[in-house]
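Using full-length UniProt numbering, the first residue of the sequence shown is number 10, and each one after it goes up by one. Built from N, CA and C at the ideal position, the CB exists for glycine as well. Keep in mind that this is a model prediction, so the values were computed, not measured. Okay, so here's the structure we're looking at.
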Amino acid sequence: ETSKPENFIETIIKQDLAEGRVSKVVTRFPPEPNGYLHIGHAKSICLNFGLAETFGGECNLRFDDTNPAKEDQEYVDAIKEDVRWLGFQWAGDVRYASSYFDQFYEWALHLIKEGNAYVCDLTAEQASEYRGWATSPGKDSPYRSRTPEENLAQFEKMRAGEFDEGHCVLRAKIDMASSNMNLRDPILYRIRKASHHQTGDKWCIYPAYDFAHGQEDAIEGVSHSVCTLEFADHRPLYEWFLEHLPVPATPRQYEFGRLNINYTVTSKRKLKQLVDDKVVAGWNDPRMPTISGMRRRGYSATAVRNFCQSLAVAKTDGVVDMAQLEFFIREDLNEHAPRAMCVLNPVKLLISNFEQHIDSDVQTLAAPVHPSKEEMGSRSLPFTKELYIDRADFTEDTTLSRKKFKRLVAGEYVRLRSAYVIKADDVIKDADGNIETIVASLVPNTVGDNPPDGIKPRGVIHWVSATHGKQASVRLYERLFVHEAPDRGEEDFMQHINPNSLKVLDNCWVEPGLADAAPEAAFQFEREGYFVADRYDHQPAKPVFNMTIGLRASK
Ligand code: ATP
Ligand code: MG
Ligand code: MG
10 ETSKPENFIE TIIKQDLAEG RVSKVVTRFP PEPNGYLHIG HAKSICLNFG LAETFGGECN
70 LRFDDTNPAK EDQEYVDAIK EDVRWLGFQW AGDVRYASSY FDQFYEWALH LIKEGNAYVC
130 DLTAEQASEY RGWATSPGKD SPYRSRTPEE NLAQFEKMRA GEFDEGHCVL RAKIDMASSN
190 MNLRDPILYR IRKASHHQTG DKWCIYPAYD FAHGQEDAIE GVSHSVCTLE FADHRPLYEW
250 FLEHLPVPAT PRQYEFGRLN INYTVTSKRK LKQLVDDKVV AGWNDPRMPT ISGMRRRGYS
310 ATAVRNFCQS LAVAKTDGVV DMAQLEFFIR EDLNEHAPRA MCVLNPVKLL ISNFEQHIDS
370 DVQTLAAPVH PSKEEMGSRS LPFTKELYID RADFTEDTTL SRKKFKRLVA GEYVRLRSAY
430 VIKADDVIKD ADGNIETIVA SLVPNTVGDN PPDGIKPRGV IHWVSATHGK QASVRLYERL
490 FVHEAPDRGE EDFMQHINPN SLKVLDNCWV EPGLADAAPE AAFQFEREGY FVADRYDHQP
550 AKPVFNMTIG LRASK
């Protein structure tokens, strides 16, 4: 591993440790369980867990589950699985903001008693009018002058369910003239008569993100609370709560740039829309930039981590080229993926002189599992009279130059990978003129050996035995969006969906060993790209492979 220059958060942590401000580094990854994690979250996970690792500390996994309306146990489970798959283990048990609801309620009472919070009955519309604009001060709510006693009574009624949703909110009493809108008496509690995935029907008031996050950090002894830039404006509020509440610790918040990748979207809300509108088959569809989608696509956890570690931890948001992610995917697969042959668009090739040279129905040939890793062993390939090659690897056009077409041409020679040199002698066509069978002859003694002088194969092509190979279904993918920045333009991002992002080929042929591939096993299909046995659909009787990525970056 190459050593990277330390990022600004590491610099801060080093200083904090050196100067004794912090004795143990504790970070946290705090997703809201309102969707599946995406590649942007992977960056945050690698950063937070990575910092804990680097400094011998701990990283918590905490569900920021303060908004029951959009949250679900399904997301909790998926998030845990994704974090583990990426290779990280959180300290102790998973935490939930909701398990601190009693404490938050106590702290709300504390603010009320100190005259620092009040129950406000303005409608949302009125409240927004009173809040004003960044360029001019807001106006005090008429409810701001309620006495602590009155506020305690009203807040108790809120908690007891005596008011309808939206009837009132609890607000902090800070500064309606602040140039930071977040300090203009922000909402602490809302009425939401929704059942919560962790706390059931215990509560009908729920804390706002801002009233929860810093206190969660304080309860857990988080030393460095790392979040994305959009929270920079919330930091004064984060600190205000820590100052005005009897919290057990004072964590500090630091912000870094969100990861965006071109040709996709990284927002749970938008990804959910793709799922809900059935543009994709689910959150883990291999076209999704979700962690579970990338996993199903055949990206390894190592490659995703390597990518995240290659990113700058900066104080600006950035758009990263998809090619950068793909570089790490390819690098990892090239090194680790066993090689195999798969014919995507089969045409039959008949070896007319098979019986003359081979005295059984099948000759078992050997091929390396990996060209440069002998320790990965070899695989056996049944060579039979009837084979499949790819339609694209044969042409009747004899005018194509050797340089342009390094495959099989009528009347010429080609090498079948790890097998014989063959010559295309004839073609058999159907009534419509489509080639049904290529009739070829093998050149004896050419397995692992050069052909006799004068025979010059144009190139090497892959093949599969038509009688011993297995039929497979292969899913090919293109980008999900045709636009480089689908959610950054004038139009709705859904208008930029690529209508051809999925193509299913149901009549592919793979070498027989691949039927036994374990789900999620990755392969390089020689000359075609990297593929993975589908995690859910692949079965020995019905092999299913997903294309992960092409062999090289397209220009
Ligand atoms: P989304 O907008 O997709 O819902 P979010 O920020 O609301 O994302 P959370 O569940 O709140 O998602 O995120 C958990 C953590 O992951 C937060 O600390 C957040 O800052 C971080 N995070 C989310 N998206 C990105 C991203 N694109 N790049 C880096 N970090 C991210
Ligand atoms: Mg969100
Ligand atoms: Mg969020």
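query: Any non-hydrogen atom of ligand 1 closer than 8 Å to Thr393 Cβ; result: no
query: Straight-line gap, Ser234 to Gly49 (C-alpha atoms, nearest Å); result: 17 Å
query: Residue range of the beta strand (DSSP E) that includes Gln480; result: 479-486
query: Thr132 (DSSP reduced to helix, strand or coil); result: coil
query: For Ile338 and Asp543, the rounded distance between their alpha carbons; result: 17 Å
query: Proximal residues to Phe172 (C-beta, below 7 Å), its chain only, five neighbours per side dropped; result: Lys166, Ile200
query: DSSP beta-bridge partners of His205; result: Gly209
query: Helix, strand or coil at Cys354 [DSSP, three-state]; result: Note that residue 354 corresponds to Asn in the displayed sequence, not to Cys. Coil.
query: Rounded separation between Gly223 and Ala117 - CA only; result: 14 Å
query: Whether Lys281 touches Gly44 by CB criterion (9 Å); result: yes
query: Cβ pair Ala531, Pro347 closer than 9 Å; result: yes
query: Per-residue DSSP class, three states only, for Cys68; result: strand
query: Residues of its chain near Met385, where Cβ-Cβ distance is below 6 Å and the 5 sequence neighbours each way are ignored; result: Val378, His379
query: Helix, strand or coil at Arg63 according to DSSP, with G and I counted as helix; result: Arg is not the amino acid found at residue 63; the sequence shown has Thr there. Looking at Thr63 - three-state DSSP - the assignment turns out to be helix.
query: Other residues of its chain near Tyr198: CB distance less than 8 Å, five sequence neighbours each side excluded; result: Ala117, Phe164, Met167, Val178, Leu179, Ile214, Tyr215, Pro216, Ala217, Phe220
query: Collapsed DSSP secondary structure at Phe38 in the structure displayed; result: strand
query: Segment contact, 8 Å Cβ cut-off, at least three pairs: the stretch 315-329 with the stretch 440-448; result: no
query: Ligand 1 heavy atom lying under 8 Å from the CB of Arg278; result: yes
query: Length-filtered (3 minimum) beta strand (DSSP E) runs lying within the stretch 364-418; result: 371-377, 387-393, 395-399
query: Backbone CA spacing between residue 5 and Leu46 [nearest angstrom]; result: Residue 5 cannot be examined here, being either before or after the span of the chain that is shown, 10 to 564.
query: Burial state of Asn57 (16 or more Cβ within 10 Å); result: buried
query: Pair within 9 Å by beta-carbon distance, Tyr397 and Gly478; result: yes
query: Backbone CA spacing between Val497 and Gly66 [nearest angstrom]; result: Sequence check: residue 497 is Arg here, not Val. Cα to Cα, Arg497 sits roughly 38 Å from Gly66.
query: Option in Arg261, Gln372, His492, Phe265 with minimal Cα separation from Ser232; result: Arg261
query: Neighbourhood of Gln112 by C-beta, 8 Å cutoff - its chain only, sequence neighbours within 5 removed; result: Gln224, Ile228
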